[in-house]
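Down below is the structure, laid out as structure tokens.
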Amino acid sequence: MDFQQKENYTFDDLAEIVKILRAPGGCPWDMAQTHKSIRSNFIEETYEAIEAIDTDDKELLKEELGDVLLQVALHAEMEREINSFDINDVCDGICKKLIVRHPHVFGDKSAENADQALTNWDEVKMKTKSQTTQTQAMQSVSKALPSLMRSEKVQKKAAKCGFDWDSVDGALDSLYQECGELKEAIKNNDAENQYEELGDVLFSVVNVSRFLKIDSEKALYDACDKFINRFSKVESLAAERGIDMKTASLEKLDSLWDEVKLTQKNFTEEN
Numbered sequence: 004m005d006f007q008q009k010e011n012y013t014f015d016d017l018a019e020i021v022k023i024l025r026a027p028g029g030c031p032w033d034m035a036q037t038h039k040s041i042r043s044n045f046i047e048e049t050y051e052a053i054e055a056i057d058t059d060d061k062e063l064l065k066e067e068l069g070d071v072l073l074q075v076a077l078h079a080e081m082e083r084e085i086n087s088f089d090i091n092d093v094c095d096g097i098c099k100k101l102i103v104r105h106p107h108v109f110g111d112k113s114a115e116n117a118d119q120a121l122t123n124w125d126e127v128k129m130k131t132k133s134q135t136t137q138t139q140a141m142q143s144v145s146k147a148l149p150s151l152m153r154s155e156k157v158q159k160k161a162a163k164c165g166f167d168w169d170s171v172d173g174a175l176d177s178l179y180q181e182c183g184e185l186k187e188a189i190k191n192n193d194a195e196n197q198y199e200e201l202g203d204v205l206f207s208v209v210n211v212s213r214f215l216k217i218d219s220e221k222a223l224y225d226a227c228d229k230f231i232n233r234f235s236k237v238e239s240l241a242a243e244r245g246i247d248m249k250t251a252s253l254e255k256l257d258s259l260w261d262e263v264k265l266t267q268k269n270f271t272e273e274n
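For the sequence shown, the positions run 4 to 274 when my numbering is used.
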């Protein structure tokens, strides 16, 4: 094999290694992969990088960013093999995009703060993508995004043309209204309408979080962790008191939940 091992490798070396893995005589697994077969790998590696960020683990972040970079290199190599584009074309494209979308750095526009810089970015983005309406901008938001994240992006684009509440109060009123409509759909045993109204409730919740400048995806993530933590303590408490959770009444389990919740609240206040 014509490959020289080194003490330290560069991005070009990564591209070359991937090329070797995919070439005849390389790795059978790598050779068998397609864009779609490793689609979930890309998602998984990205989320693992996010976890490294959330836990402030620098060494893990370095490793996980490498795994994400490998996914980029693999997809680019697949296209190089059919003479479509290669990793250099990918780099060329993102470099040109960054230059064009930062006219306040590489051009004659100005940006005194992050909001102005983002405005410049969005204006150039719409122009380069030939988008003339906010509807087109909304339609360009990836449907593969987690739905809470997609909802927030869509709402922000609607707000750019004035289609938004004046304050969080309006968003809250809309949430209450949607909850009422869901309650009515449940009362009427209307399954199709229940589905639609539940979607409206979730969309309205994201609207509220946007006004509060809360990342709804992260808030729900933390809520899951909080639930698991409390449930664990309820389960332990039930075991200590000889309570069978599978046969205990909901009222009994709810009282254990409230007890754990109160204990955690008191601990938080004391600390």
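Glycine residues also receive a C-beta, built at the ideal position from the N, C-alpha and C atoms.
Since the model is a prediction, treat every value here as computed from it, not as a measurement.
Counting along the chain, the unbroken alpha helix (DSSP H) around threonine 266 starts and ends at 253 to 273. With contact defined as three or more Cβ pairs closer than 8 Å, the region 217 to 224 and the region 151 to 165 are in contact. In this structure arginine 104 touches valine 127 by the C-beta definition: roughly 5 Å separates them, less than 8 Å. Residue nearest to arginine 213 within the set Asp167, Pro31 and Glu243 is Asp167 (criterion: CA-CA distance).
Excluding its 5 nearest sequence neighbours in each direction, proline 106 has C-beta neighbours in its own chain below 6 Å: Lys112 and Asn123, listed in chain order. Taking 8 Å as the upper bound for CB-CB distance, valine 208 and leucine 240 are not in contact here, some 31 Å apart. Within the same chain, and ignoring the five residues on either side of lysine 132 in sequence, the residues whose Cβ sits closer than 7 Å to its Cβ are Ser143. Remark: C-beta atoms of glutamate 67 and glutamate 51 approach each other more closely than 7 Å. For threonine 13, there is no enclosing alpha helix (DSSP H), as DSSP marks it with neither H nor E.
Taking the CA atoms as reference points, glutamate 19 sits about 21 Å from asparagine 44. In the DSSP assignment, phenylalanine 45 falls within the alpha helix (DSSP H) that extends over 42 to 57. When DSSP assignments are scanned along the region 112 to 166, the uninterrupted stretches of alpha helix (DSSP H) that are 4 or more residues long and fall wholly within it turn out to be 117 to 131, 137 to 142 and 150 to 162.
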